[in-house]
Structure formats: structure tokens, C-alpha cells
Amino acid sequence: MPEVTKLIHKYLRHDKKFPHVWCPGCGIGILLGALIRAIDRVGYDKNEIVLVSGIGCSSRLPVYVDFHTLHTTHGRALTFATGVKLANPKLKVIVVMGDGDAMAIGGNHFIHAARRNIGMTTIILNNNIYGMTGGQYSPTTPHGMKASTAIYGHIEQAFKISEMAVAAGAAFVARGTVFHAKQLDGLIEQALVKSGFSVVEAMAHCHTQYGRQNRLGSAVEMLEAQRDNAIPVEKASKMAPEALVGKIVTGVLVNKELLVYEEEYEKVRERAGLMMEK
Amino acid sequence: MKKQRKVLLIQGNEAVVEGALRAGCRFFAGYPITPATEISEGMSVKLPALGGTYIQMEDEIASMGAIIGASLAGVKSMTATSGPGFSLMQENLGYAVMAEVPCVVVNVMRGGPSTGLPTFPSQGDVMQARWGTHGDHPIIVLSASTVRECYDHTIAAFNLSERFRIPVILLIDEVVGHMREKVILDDEDHVEIINRTRPSVPPEWYIPYEDTPMGVPPMADFGTGYRYNITGLTHDVRGFPTARIDEIGPFNERMIRKISKYRAEISLTEHFLTEDAEITIIAYGCVARSAKRAVLQAREQGIPAGLLKLTTLWPFVRGEMEKLLPSTRVFIVPEMNMGQISREVKRVNRGIARVVTLNKVDGTIIMPQEILQKIKEVA
Chain H
-4 MPEVTKLIHK YLRHDKKFPH VWCPGCGIGI LLGALIRAID RVGYDKNEIV LVSGIGCSSR
56 LPVYVDFHTL HTTHGRALTF ATGVKLANPK LKVIVVMGDG DAMAIGGNHF IHAARRNIGM
116 TTIILNNNIY GMTGGQYSPT TPHGMKASTA IYGHIEQAFK ISEMAVAAGA AFVARGTVFH
176 AKQLDGLIEQ ALVKSGFSVV EAMAHCHTQY GRQNRLGSAV EMLEAQRDNA IPVEKASKMA
236 PEALVGKIVT GVLVNKELLV YEEEYEKVRE RAGLMMEK
Chain R
1421 MKKQRKVLLI QGNEAVVEGA LRAGCRFFAG YPITPATEIS EGMSVKLPAL GGTYIQMEDE
1481 IASMGAIIGA SLAGVKSMTA TSGPGFSLMQ ENLGYAVMAE VPCVVVNVMR GGPSTGLPTF
1541 PSQGDVMQAR WGTHGDHPII VLSASTVREC YDHTIAAFNL SERFRIPVIL LIDEVVGHMR
1601 EKVILDDEDH VEIINRTRPS VPPEWYIPYE DTPMGVPPMA DFGTGYRYNI TGLTHDVRGF
1661 PTARIDEIGP FNERMIRKIS KYRAEISLTE HFLTEDAEIT IIAYGCVARS AKRAVLQARE
1721 QGIPAGLLKL TTLWPFVRGE MEKLLPSTRV FIVPEMNMGQ ISREVKRVNR GIARVVTLNK
1781 VDGTIIMPQE ILQKIKEVA
């Protein structure tokens, strides 16, 4: 049996909820594949993984995968995940969100989860638009682009998700694209084994909404644009900021050792126990 | 075994902490807010020593999400707040109803609307507790009028929550939350603790949202081998989103039925001199204390008054009130709001007796003499 078929049989709920909801040519399927390959390489047991998501196209991902899957409310995935992880730190908690989910309605939860450094992996699929509701501008829609709620051109500045994660204090931050699928596998794998709060931003195309409204071509053409615009972080660090406008800086942006919340809380329990004895 | 007897002089908020710990709560997520903060503080001190977890989240939306997550991982969990925070919790409260996740929310009511009166008591959130989250949904709401009841009814809230897989709201008010009373906690006392039913079948046979005779399916903890999908979308018996009308209808019907079928058992009340009462006060929270005094004073003056004290606010205690319909000439419903439970009283009354309201929204409690005055007016 080919490797890909083995993975499909092992991890997908193939007997249940297919066909999936995504448009033909969507990048979320590539992210799903990358996530499964990374999990398989790391060797986690299916019973120890809790896959949490919010609301939106990318947050429909968990329903297709045979883990403990938790599809929560819009923007709140990290809050549920926080409860799961602290109640049972042995569980491997992975959170999948979209750019609107993680940066707009869930922006506050995101920065605080990063600040606390709770041991979980957050994967944010950034397609620069609210896809499921029909292409409204999101916090990552670039200035000047069009959306169904910005047909005259978008006037806001976009969030840079990975840079935001770095600023909020995440222990591991990486950015990839769904075109660079093999690199994405590796970045997610690194994030999974990292202790503390790890973030992977996966740039993806939404040709149905963002691409159509901005005349960016087919899914294939948008994938090629990812290829053409990606710049490895090592190279980008030597470039002038102006030269990086419109580019996608890929690779590991931050990887540092920080105190991990659930380990620190274990110390709180010990101190509390000693005080109660007195 | 040595008998453990604790004699305490504590606040209602502290009694909530004691009750929650006795019920087996081992996870608390909250956000500071007057007049509920003592519950958070108490939990932050006591939970870690018991191996539990306290976390202060970034807001009440997050607090509600975190306790749902912890409950799904198998740990009894709770949050506590007041009006403004309770408003923020409504979204995920609905999720807990939909995904059938047991958890307890304590709302120490203060004056509203909006930021209102942070340090003054009120009973303004009775309707919000019932209908605050969107969509048709079942909910259980309890109240407490003494420090002892804060302890007992927190345990009752956890028990109902675990038994029916539903979030349970405990409404107390600023007066009860901050008032100190002597409470004797006797560990030898028979305290019934109910834990959620967990699946007894192997994982491959487990159907997470299957209908059962009780209407409440067994609940598996994350990490125990029972892998299934949980969503706030309307779902089929396996937890997968559905748009099939033959699945949507039965799902919603079961959600309502699992509570309505056990309405009588969920209806917790105290009848005080109601057997021969022609004038019946229906009250809850700190107002029930004033009502009790007023009833005694009325009796001294030869007026046949009685009190139906509500512990359960929702579902409304229809059966208990109907028992009083043949003998009662006038119902008096004193509330520290503009009339929230009185609407239910009028609905169940169906025009049979006279229903008189006594409403106060000036940030002060309703005094016994005010209720007595009303009794005399209608006697």
C-alpha cells in the first residue's frame, strides 16, 4: 500500500464525513496532509491527541480526523484548549484556526495564550479573507486589496500573524506556505515536539473568494505566487524592509526555551501543599 | 475515623468555594469582578493544594471556554462572575448546553444594567440566566439565600450538572455573597455526590450522543480511548454536524426532554407555613429571608400568610406552585428587579388568584416591613 494511503486509512474518518466542505483547489487540504504527516512522524498515539478548532473553513479540519476533536466557538479555540491541557497535561493539544478566527475575534485569546506559554501547538491558516461567509476582509487582508466588504479597496493595515506571535512571547514561531508542503510538514513537526506554546502560520490561497475578487487567477496560479514570493527567513534577515513588501518570509522565526505553564503550575501545587500542611 | 467538624464564620462566596471543593470541583477559571472575586481568590488558594487547577483568564469568555475544556478532559469545573461577566459568558454557555458539557457558573448578582452598581445587590439576572444565550435551550438555575445554602446549593448545582450533562447556574446576590454567617461543615454528614456516567461499552461501540432512557448519554473523558467529535453545530448521534431534518428534530427534542422529564426532581423549594396560607409570598435569595420574617410577623397579627421559597428558579417550579393554587387568595412576589419571576407566577396562576408584585431596584434589599406592609394591604 502506498504511504499516502496508509496515512489516510490510519488518520482520516474516511468512512464517515466525506466529501469535505472545502472548495476544489483549496489549500486547507494540503495543511491537513502536512499535519497528519507531522503527527505520524512524531509518533503520537491517536488517543492522546486533542485537536481543537474555532469557526471557519480551516476550523472544519478536525471533523475529518480520527482524534479527540473539538470544534468550538468563533475565536475561542485557545480558551477551550487551555482548559483541556491544564486539566490533563498528558494530552497533546493542537489548535487549528483561521486568520479571522485567531487575529480578530480571538486575537486577545491568542496573545494571552502565547504569553502564558502553555504547552500546545497552534496552527493558523492565513488566507487573507473570511472564506466561509463569502469573502469579507480579515485582519490579514493587505491594504488596497478588495473584499466583499471592501469593494472600493481595503484601507486598513494587515496584521502579521507570526510577528504578532513573536511579540506576544511564543516559544516557537514558524511560517510556511501550502505550496512548500514538505517544509510545512517539517515546521509542524518541530512545533509539535516543542515544549511550550508553538505557532505555525500556514499561508494559503483562497482562490474562490480572495483570488476571484482580486483577479489573482486560479488555485494553481495562486500557489505559484506563493512559490515566487516566499523568502527564507535567513535570506530575509539580510534584506531591506522595503524589499520585503508583499513577500512571505518562511522558516523558523523564533525558537527559544521558556518556562512552561503547566510545569510551573506543578510547583504552585507543591508550594500550596506545603502551606496547607502548616 | 476521626470525625471532622469544621465550625466556620464565612461569607457566602467562601461557602461557594467550600461547596465546590466538597462536590469534587478541581478546575476553576475566572476573571476578577466585584462582588464575586472572593470565589476566585478562594479557589486560587485551595485548588492547587488539592491537586486541582486555578487559572485567571483574560476575560469571562475565555473563563467559560476553559471550564468547558477542562470538563471535557474529565475534571469537574466551575467559574464565578457577576452581571457584566455573565453577559460575556453567554456565548460559550450555549456551547456547553449544545455539546452537553457539565459545568457550574456562579453569578453573584449586582445592580445593572451595564456596569451598574458593582457593590450593590440585585436580582436582575434571573431572565438572563434563563434566556441569555441564543436559541431554544434547556437550563438549570438555582439560587441561595443563606451562607449555608451557598455551600449546599453549590453541591446541588454540581450534582445536577453531572447528572444531566448541562451547565448549571447558581444565582446569588451581593448580600448573600458578602454576608458572614456561622456554618458547621460536618464531613460525616451524608453528602451525596453525583458523578457523570461514563461509557461502559468499549470505544468501538460508543455512540457519544445516543438517546438513552434518561435522555442523557454517557460521557467519555478525552484521552481514554473514546475518540469522537464535539461541536456546537447541531450534530448527529456521533457528534458530526448534520443538516438532516430527521436528525435535527430528535436531537433538539432530546435536549429539552432530558430536563423537562425530570422537572419534579429538579424543583427544589421550601414551603414555610403554606398549608393554610391565604396569602403566599414567593421569594428567593436574600429577599426570601425578609419574606420569612414578614410571614411570622403577619401570623402574629392573625393574617394567614406563608412563604414558598425557591431554590430552583429554572425550570420554573410549576408543580410546587400549583399545589398552593387551591388555598391561596393572593400571591405576593417581592423581587429586587422589575418583575422577572413574577411573570412565571402569573403564567402558572392563569388568573386564578391575585398576583401582587413588590419590586425594588434602588440597590437596597427589600426589608421585612415592606413585605409585611404589602401583606396587610391585601389581607
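Read top to bottom, the protein sequences are chains H and R. The first sequence begins at -4 in my numbering and counts up by one. The second sequence begins at 1421 in my numbering and counts up by one. Cβ coordinates follow ideal geometry from the N, Cα and C atoms, glycine included.
Any C-beta of chain R sitting closer than 8 Å to the C-beta of Val194(H)? For the purposes of this step, residue 194(H) is identified with residue 199 of the first sequence, where counting begins at 1. No, no contact with chain R.
Can you tell me which of Ala1718(R), Glu1478(R), Met1756(R) and Ile1686(R) puts its alpha carbon nearest to the alpha carbon of Phe1692(R)? Along the second sequence, read from residue 1 onward, the residue named residue 1692(R) stands at position 272. Answer by Cα proximity: Ala1718(R).
Here's a check: name, in chain order, each residue in its chain whose Cβ is nearer than 6 Å to the Cβ of Gly1531(R), leaving out the five neighbours to either side. One-based indexing of the second sequence puts residue 1531(R) at position 111. So the list reads Leu1537, Phe1540, Ser1542 and Gly1783, once near-sequence residues are dropped.
What ranges does the beta strand (DSSP E) occupy inside the stretch 1525 to 1609 of chain R, keeping only unbroken runs of at least 3 residues that lie completely in it? 1537 to 1541, 1560 to 1563, 1587 to 1593 and 1600 to 1606
Cutting at 7 Å between CB atoms, please list the residues of its own chain near Ile1627(R), excluding the five before and the five after it. Reading the second sequence from its first residue, position 207 is the one you call residue 1627(R). Taken in chain order, the residues that qualify are Val1657 and Arg1658.
Which runs of the alpha helix (DSSP H) spanning at least 4 residues fall entirely within the stretch 193 to 262 of chain H, listed in chain order? 214 to 224 and 228 to 231
State the Cα-Cα distance for the pair Cys1706(R) and Trp1551(R), rounded to the nearest angstrom. Sequence index remark: in the second sequence, residue 1706(R) carries index 286 (1-based). Sequence index remark: in the second sequence, residue 1551(R) carries index 131 (1-based). Each residue's Cα considered, the two are about 23 Å apart.
Hey, is Lys251(H)'s beta-carbon within less than 8 Å of any beta-carbon in chain R? Looking up residue 251(H) in the first sequence gives position 256. For Lys251(H), no Cβ of chain R is located within less than 8 Å of the residue's own Cβ.
Residues, ordered as in the chain, of the stretch 19 to 48 of chain H that lie near chain R by beta-carbon distance below 7 Å: Lys41, Asn42, Glu43 and Val45
Would the C-beta of Tyr132(H) count as close to the ligand MN, meaning under 7 Å from any of its heavy atoms? Ligands displayed in this structure: none; no statement on the ligand MN is therefore possible.
Can you give the Cα-Cα distance for Leu253(H) and Asn112(H), rounded to whole angstroms? The count along the first sequence starts at 1 and reaches residue 253(H) at position 258. The count along the first sequence starts at 1 and reaches residue 112(H) at position 117. Computed Cα separation, rounded: 8 Å.
What ranges does the beta strand (DSSP E) occupy inside the stretch 126 to 180 of chain H, keeping only unbroken runs of at least 3 residues that lie completely in it? 167 to 172
Beta carbon proximity, Thr116(H) to chain R, threshold 8 Å: Taking the first residue of the first sequence as position 1, residue 116(H) is located at position 121. Not one chain R Cβ lies under 8 Å of Thr116(H).
Exposed or buried, Ser1680(R), counting other C-beta atoms within 10 Å across all chains shown (16 or more means buried)? To locate residue 1680(R), count along the second sequence from 1; it is residue 260. Ser1680(R) is classed as exposed because its beta carbon has fewer than 16 other beta carbons within 10 Å across all chains shown.
Which first and last residues belong to the beta strand (DSSP E) in which Asn103(H) is found? Translated into the one-based positions of the first sequence, residue 103(H) becomes position 108. Not the beta strand (DSSP E): Asn103(H) falls in the alpha helix (DSSP H), residues Gly102 to Arg111.
Neighbourhood of Leu248(H) by C-beta distance below 7 Å, restricted to the same chain and skipping five residues each side: If you number the first sequence from 1, residue 248(H) lands on position 253. In the same chain as Leu248(H), and ignoring 5 residues on each side of it, the C-beta atoms closer than 7 Å to its own belong to Ser157, Val161, Val168, Ala169, Arg170 and Val228, in chain order.
Length of the line joining the Cα atoms of Ala186(H) and Leu1429(R): Along the first sequence, read from residue 1 onward, the residue named residue 186(H) stands at position 191. Along the second sequence, read from residue 1 onward, the residue named residue 1429(R) stands at position 9. When rounded, the distance between both Cα atoms is 51 Å.
4-residue-minimum alpha helix (DSSP H) runs that sit fully inside the stretch 1672 to 1729 of chain R, ordered along the chain: 1683 to 1686 and 1706 to 1720
Based on DSSP bridge pairs, tell me the residues matched to Glu1755(R). Position 335 of the second sequence, counted from the start, is the residue given in the question as residue 1755(R). Glu1755(R) is bridged by DSSP to Asn1779(R).
contact_flag[the stretch 1508 to 1527 of chain R, the stretch 76 to 90 of chain H] where n(CB pairs < 8 Å) is 3 or more: no
Assuming Ile1559(R) and Ile1589(R) form a contact by the criterion Cβ under 8 Å, report the distance between their Cβ atoms to the nearest whole angstrom. Here residue 1559(R) is taken as the residue at index 139 of the second sequence, counted from 1. Here residue 1589(R) is taken as the residue at index 169 of the second sequence, counted from 1. Distance from Ile1559(R) to Ile1589(R) at the Cβ level is roughly 7 Å; contact confirmed, criterion being Cβ atoms closer than 8 Å.
Pick out whichever of Gly1503(R), Ser1502(R), Pro1504(R) and Tyr1515(R) has its Cα sitting closest to the Cα of Thr74(H). Position 79 of the first sequence, counted from the first residue, corresponds to residue 74(H). It is Tyr1515(R) whose Cα lies nearest to the Cα of Thr74(H).
My output table needs one value for Gly93(H): the three-state DSSP class, helix, strand or coil. Locating residue 93(H) in the first sequence gives position 98, counting from the first residue. Correct three-state label for Gly93(H): strand.
Can you pull the DSSP bridge partners for His63(H)? Here residue 63(H) refers to the residue found at position 68 of the first sequence. Paired residues: Val45(H).
Helix, strand or coil: how does DSSP classify Met1421(R) here? For this step, residue 1421(R) is matched to residue 1 along the second sequence. Unreliable placement is indicated for Met1421(R), whose pLDDT of 47 sits below 50; the coordinate value is still reported in the next sentence. Coil, per DSSP.
Where the beta strand (DSSP E) containing Gln1476(R) begins and where it ends: One-based indexing of the second sequence puts residue 1476(R) at position 56. Segment Thr1473 to Gln1476, the beta strand (DSSP E) holding Gln1476(R).
Are the C-beta of Val1526(R) and some C-beta of chain H separated by less than 8 Å? Taking the first residue of the second sequence as position 1, residue 1526(R) is located at position 106. No - not a single Cβ of chain H is within 8 Å of the one on Val1526(R).
From what residue to what residue does the alpha helix (DSSP H) around Phe1660(R) run? As a working mapping, residue 1660(R) is identified with position 240 in the second sequence. Unbroken run through Phe1660(R): none, as it is neither H nor E.
Can you find the residues in the same chain that come closer than 7 Å, C-beta to C-beta, to Met1421(R), ignoring five residues on each side of it along the sequence? The residue you call residue 1421(R) lines up with position 1 of the second sequence. Note that Met1421(R) scores a pLDDT of 47, beneath 50, so its modelled location is shaky and nothing firm can be said.
Please name the residues in the stretch 1473 to 1486 of chain R whose beta-carbon is closer than 9 Å to at least one beta-carbon of chain H, in chain order. Thr1473, Tyr1474, Ile1475, Met1477, Glu1478, Asp1479, Ile1481, Ala1482, Ser1483, Met1484, Gly1485 and Ala1486
Under a CB-based cut-off of 8 Å, is Ala1469(R) close to chain H? Looking up residue 1469(R) in the second sequence gives position 49. It does: the Cβ of Ala1469(R) has a partner Cβ on chain H nearer than 8 Å.
For Pro1661(R) and chain H, any beta-carbon pair shorter than 8 Å? Here residue 1661(R) refers to the residue found at position 241 when the second sequence is read from its first residue. Chain H, which has a Cβ nearer than 8 Å to the Cβ of Pro1661(R), makes this yes.
Let's test the definition: count the other Cβ atoms within 10 Å of the Cβ of Ile1499(R) and tell me whether it reaches 16, buried, or not, exposed. Stepping through the second sequence from its first residue, residue 1499(R) is reached at position 79. It is worth fixing the name first, because residue 1499(R) is Thr in this sequence and not Ile. By the 10 Å Cβ count, Thr1499(R) comes out buried.
Nonlocal neighbours in the same chain, by C-beta distance under 6 Å from Met140(H), ignoring five residues either side: Numbered from its first residue, the first sequence carries residue 140(H) at position 145. Same-chain partners within the cutoff: His149 and Asn209.
Looking at C-beta atoms only, is the number of pairs between the stretch 1735 to 1751 of chain R and the stretch 1707 to 1717 of chain R that lie closer than 8 Å three or more? Segments in contact, no.
Where does Ser1497(R) fall in DSSP's three states? Within the second sequence, residue 1497(R) is the residue found at index 77, counting from 1. The answer is strand: DSSP assigns Ser1497(R) an E or B state.
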